[in-house]
Every structure is written in C-alpha cells, then in structure tokens.
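In the working numbering, the protein residues as written are 1 to 566.
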C-alpha cells in the first residue's frame, strides 16, 4: 500500500518514474494502435487494396516497434515541455505564495493570492495554447511515420514544409470535428437527462412501487454509458480519418479525388440510422438496452453500505463560528451533540504538543512565525483571531493537555498528527499525554504520514489508529489501522466493500453541503467530518426518518445528478 506523500516520493524515485513512464507508455500506445488500425484501413481504401482485419492486424504488428518508439518520444518531449510550465508556476509561487502556509492564502485570499492566480493563469494559458497548437500542427507527422519509410525527424520535417495556409485549414477542420464530437456528447446527455426526468416523474405518479423508477434509472445509466462509447468511437474515427486524409492530400494528391464534406457525412449517418431502424435490428437494440437496464439496476440498488449509525465529526473542532481547533470550538461541538471532535497537533520549539493545523500562525492569528520556531512563552502571548467575543484565555493556542482535560468523558477526540517535516517525538509525546489522562478508549489517532501511523501502532497498540487518505494506491487490507479518513471524492462502493471486509470504519472529509452529506451517508460511511455539524445533524435526522424506498429514490436521484455533473 502506498498513499499521500508516499506516492509523490515514490514516483519521484528512479523506480517510480520508470513505473509511471511505462503506465503512460502503455496507455498512449493503445491509443496510437487504435489510430494505426484506422490509418491502415483508410490508406488501403485510398490506394485500392483489399481491406481485411487479418491484413490490418498483421501490418500493425509489423510496425509495433515503431509505435512504441513514437510513444516513447512523445512522452519524453511532453516531460521536457512541462519544465518551462513548472518553472514559471514555481517562480509565481516563490514570488507571491512562499511566505506563509498555503492555507493562509486559500482562506484569506490576500492580494498576493489573486496576483499569483492571474500571472500563473496567464503563464499556464500561454503554455497550453502553444503546446496544443504545436501538437496539432504535428499530428500529420504520425501517418508519415506510420508508413515506415521515414524517420520521426524526417516525418516532422515533411509536415513542417507544408504551406501555412494548408496547416491552418487542417487545424480549422480538426477544431470543427472536435467541436462536433463534444457537442454530440452534450446534446445526447441533455436528451437522456430530459427523458429520464420525464419518465421518472411519470412512473412515480403512475406506479405505487419504486421499482419502475429504479429500472428507469438503470436504463438511463446503461444508455448513457453505451452512447458515450459509440460517440467516442465515431469521434475518434472522424478525427483519425481527417488526419490521415490531410496527410495523403498533400503527399499523394492523386489519391484524393474527393474529400468527403459534412453533407456526405450526414448522408452516411442517416443511412446508418435507417439501417438500425429495421424492425429486427431495432428489436435487438431494444433488447440490449432492456437487458443492460436490468443489470445496471441490480448494481445500483444493491446494498449501499452499513447501517450502524453515522458519527458527526467536527473538522478542526469547527462549530458555531468559534476559531478552529480552539477550546470554544470544543465546547460548541459538545453543545451541538457532535460524536467526535477532530483536532491537529504539532510541536512548539520547546517540544510542547499544541493544537494547530497550519505550519505557521498567519491565517489563524495574523502572526507569520512558524509554530516549530516559537517557544511556549512566545506562544502564550499570541491570540487566535475570532469574530465572536471570548475571554483572553480561551483564545490562546491550546495545548493537547488542556484539550483532553476539557474533553474527557464528554466527547471522543480524533487527533491528527500534523507534520511539516517528520518529527518522531510528536507521536511519542502525544501518546504519553493520552495515557496520562487515561483516555485510551476516548481518543483516536490518525495521520497523513504512513510512517507515523506505523509508529503509533508500535508504541500504543491499544489506541485506535487511522490513516488519512487523500490519494492511495494498493490494497487497504494491508493497513494496520481501525479506520480510514478519506477524501469525499474517493468514497465509492468498492472502497466501502473492501473496508467492510476488513472491519474498518470509513470517515469522509471534508463534507460541508447538504447534497454531499447525503451522498456519503447513502454510500455507507461511518462518519462525516464536517465544518458544518449543524447541517450534518439535521441531514442525518431527515435520512433516519426516510423509508427504505424513499432512500432508494434519493440515492438514484443523487446518482443521476452526479453523472450529469461529470
């Protein structure tokens, strides 16, 4: 199992870089092989050779080494092209965003943040336009290279010698084809969504059971996926044919007596639709859609998760407007009825465990100093920023000792070990404080650092430990933890099923809107980490009052909403 910063460091290593390079190479080679097949078909048709699957496959296999070579060159060039982009964005970061913790800029959005967005956006836009234009202009070099009688450099030179007017015309046609491809997807999606809404409204009023609604939702999802595959196939084929015919139009103009326009393409499309409109073929197509609808319905209406109560977990103890990670926030969380308060701990320069999320105090206290460089005496003079009136003592950055004294026997505390440079003594001192207060059964410890999780498990096997997953690769069953804290975007049925097999709880973070709270609850999470506990409590109460069929309808509606927003 590899997760979070471990992924970045692993991919940055020689082995990880080679692994990533091979993954991209395989994916890109698959796309190029797909194009090579279409290129061979178009070429054989233009020169009058017999078209057959066996011949096409054989010719592609003979060029396999060329395909791998061109993909390797393309990836290498892309990596080199990223260097100026990264350098420019890095310079923007150093000029405007390097002084304080990034969370300060995200939350307070000072002028420096907007300057960084503007200049970074301009640089990224110029880089993207330049890169895409050059890549599009060089697309015809692919068929030149696939013919096998030119080196890659020779193929590029041949295309580069074409008149500028021809290249611009090619880019225009490619742009129109891509626009048609995208428009077809949008229009199809709009038609399917409208049809789904109409049918579900009708079925909900006509039938007493919700099964027809589930069946309609299954049909929608199956048809949407199928339509997407078909549109992608035709779109890719159209652009591939344009690239190939553009190449032959200027290298072998005698072969191109006629370039099919949109009128001819429309006629062919109408003929294809007419062919499928025949009774037997239409019945076959309808049978496929109905069968797919049944299968999809069974998948989406299966057991969605575990119904064992959902914990409300206040993110950084956020509640009712109190400063995050503060003692007033803890009290507010308890008053609201939160099951768990989640806090972040770090070490001061004197080695005291304090409650703070960011590397520095700029965002929460207006002080630019980093917590690791501040002594306990200096920290005692700093006060948290607050829009509410609290006593002077309540606005100090609290220590873990103070927090646990307030929370004991009142609420469960979820402690996240926060690292800006790994310090093993943080886990050691945190465990000591937990034991001093006798709260081993009232505290959970987690971290983004897998190394820290392993350390806690070794030092305090009696504690419940968890892993904070922003991104991960591998099998979660290898994790020595009792729970996972997962980015809400990564919550899915597969994750929930694997976690259930390992008897792991799953908590979703950071979930702040009604829709997203409903979504993760219906997916079966065990806890919701939120900045808006009052909304989460209200939503859970509403869901608890729903019948099983009402939950089903709600889940189907969210599935469709999610698919239309992709």
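Idealized CB from N, CA, C, for every residue including glycine. Computed from a predicted model, the values in this text were never measured in an experiment.
Which partner residues does residue i have in the DSSP bridge list?
{"i": "residue 340", "result": "313 and 412"}
{"i": "residue 467", "result": "447 and 484"}
{"i": "residue 507", "result": "485 and 527"}
{"i": "residue 367", "result": "361"}
{"i": "residue 417", "result": "345 and 447"}
{"i": "residue 353", "result": "347"}
{"i": "residue 399", "result": "354"}
With a CB to CB cut of under 6 Å and the five nearest residues on each side skipped, what residues in its chain are close to residue i?
{"i": "residue 34", "result": "none"}
{"i": "residue 426", "result": "347 and 417"}
{"i": "residue 224", "result": "192"}
{"i": "residue 13", "result": "none"}
{"i": "residue 370", "result": "359 and 360"}
{"i": "residue 429", "result": "353"}
{"i": "residue 431", "result": "459 and 460"}
{"i": "residue 306", "result": "Bear in mind that a pLDDT of 44 at residue 306, under 50, signals an unreliable position, so the model cannot answer this."}
Run the CB neighbour count on residue i, radius 10 Å, all protein chains shown included, and call it buried at 16 or more, exposed below.
{"i": "residue 206", "result": "exposed"}
{"i": "residue 526", "result": "buried"}
{"i": "residue 61", "result": "exposed"}
{"i": "residue 494", "result": "exposed"}
{"i": "residue 182", "result": "exposed"}
{"i": "residue 247", "result": "buried"}
{"i": "residue 483", "result": "buried"}
{"i": "residue 398", "result": "buried"}
{"i": "residue 467", "result": "buried"}
{"i": "residue 561", "result": "Low confidence applies here, because residue 561 scores a pLDDT of 49, under 50, leaving its location unreliable; read the following figure in that light. So residue 561 counts as exposed."}
{"i": "residue 505", "result": "buried"}
{"i": "residue 394", "result": "buried"}
{"i": "residue 392", "result": "exposed"}
{"i": "residue 409", "result": "exposed"}
{"i": "residue 233", "result": "exposed"}
{"i": "residue 380", "result": "exposed"}
{"i": "residue 160", "result": "exposed"}
{"i": "residue 422", "result": "exposed"}
{"i": "residue 513", "result": "exposed"}
{"i": "residue 492", "result": "exposed"}
{"i": "residue 485", "result": "buried"}
{"i": "residue 151", "result": "exposed"}
Can you tell me which of the options puts its alpha carbon nearest to the alpha carbon of residue i?
{"i": "residue 138", "options": "158, 437 and 128", "result": "158"}
{"i": "residue 517", "options": "505, 538 and 502", "result": "538"}
{"i": "residue 342", "options": "325, 336, 331 and 335", "result": "325"}
{"i": "residue 199", "options": "182, 187 and 217", "result": "217"}
{"i": "residue 443", "options": "421, 469 and 403", "result": "403"}
{"i": "residue 490", "options": "470, 505 and 504", "result": "470"}
{"i": "residue 132", "options": "381, 151 and 77", "result": "77"}
{"i": "residue 115", "options": "91, 396 and 251", "result": "91"}
{"i": "residue 130", "options": "81, 160, 144 and 249", "result": "81"}
{"i": "residue 452", "options": "438, 481 and 437", "result": "481"}
{"i": "residue 457", "options": "437, 479 and 436", "result": "479"}
{"i": "residue 252", "options": "383, 15, 46 and 424", "result": "46"}
{"i": "residue 94", "options": "79, 141, 107 and 113", "result": "113"}
{"i": "residue 401", "options": "381, 437 and 384", "result": "437"}
{"i": "residue 136", "options": "368, 110, 155 and 167", "result": "167"}
{"i": "residue 156", "options": "349, 165, 169 and 140", "result": "140"}
{"i": "residue 335", "options": "350, 345 and 314", "result": "314"}
Note down, in chain order, each residue of its chain lying with its Cβ closer than 8 Å to the Cβ of residue i, except the 5 sequence neighbours on either side.
{"i": "residue 310", "result": "521, 525, 526, 527, 528 and 540"}
{"i": "residue 261", "result": "For residue 261, the predicted model reports a pLDDT of 47, less than 50, meaning its position is unreliable and no value from the coordinates is stated."}
{"i": "residue 75", "result": "21, 24, 25 and 28"}
{"i": "residue 231", "result": "181, 184, 185 and 188"}
{"i": "residue 241", "result": "38 and 42"}
{"i": "residue 163", "result": "none"}
{"i": "residue 30", "result": "none"}
In chain order, what residues of the same chain lie with their CB nearer than 7 Å to the CB of residue i, ignoring the 5 residues before and after it?
{"i": "residue 488", "result": "508, 509, 511, 516 and 520"}
{"i": "residue 303", "result": "Any reading at residue 303 must be qualified, since the residue scores a pLDDT of 46, below 50, and its modelled position is unreliable; the value itself is stated next. Here the set comprises nothing."}
{"i": "residue 440", "result": "434, 462 and 463"}
{"i": "residue 328", "result": "322, 390 and 394"}
{"i": "residue 143", "result": "39, 243, 244 and 247"}
Using a threshold of 8 Å, is the CB atom of residue i nearer than that to any non-hydrogen atom of the ligand NAD?
{"i": "residue 401", "result": "The ligand NAD is not among the ligands present in this structure, which contains no ligands whatsoever."}
Contact between the stretch 237-246 and the stretch 31-39 is defined here as three or more beta-carbon pairs at a separation below 8 Å; is this criterion met?
yes
Is the stretch 415-431 close to the stretch 448-459, with three or more CB pairs under 8 Å?
yes
Across the stretch 353-364 and the stretch 376-396, are there enough close Cβ pairs to call them in contact, namely three or more that are closer than 8 Å?
yes
Is the stretch 163-177 touching the stretch 63-81 in the sense that three or more CB pairs, one from each, lie closer than 8 Å?
no
Whether or not the stretch 528-537 and the stretch 313-321 are in contact is what I'm after, with contact meaning three or more pairs of Cβ atoms, one per stretch, closer than 8 Å; do they touch?
yes
How about the stretch 359-366 and the stretch 87-101: do they share at least three Cβ pairs that are nearer than 8 Å?
yes
If contact is defined by three or more beta carbon pairs under 8 Å, each pair taking one atom from either stretch, is the stretch 115-125 in contact with the stretch 82-92?
yes
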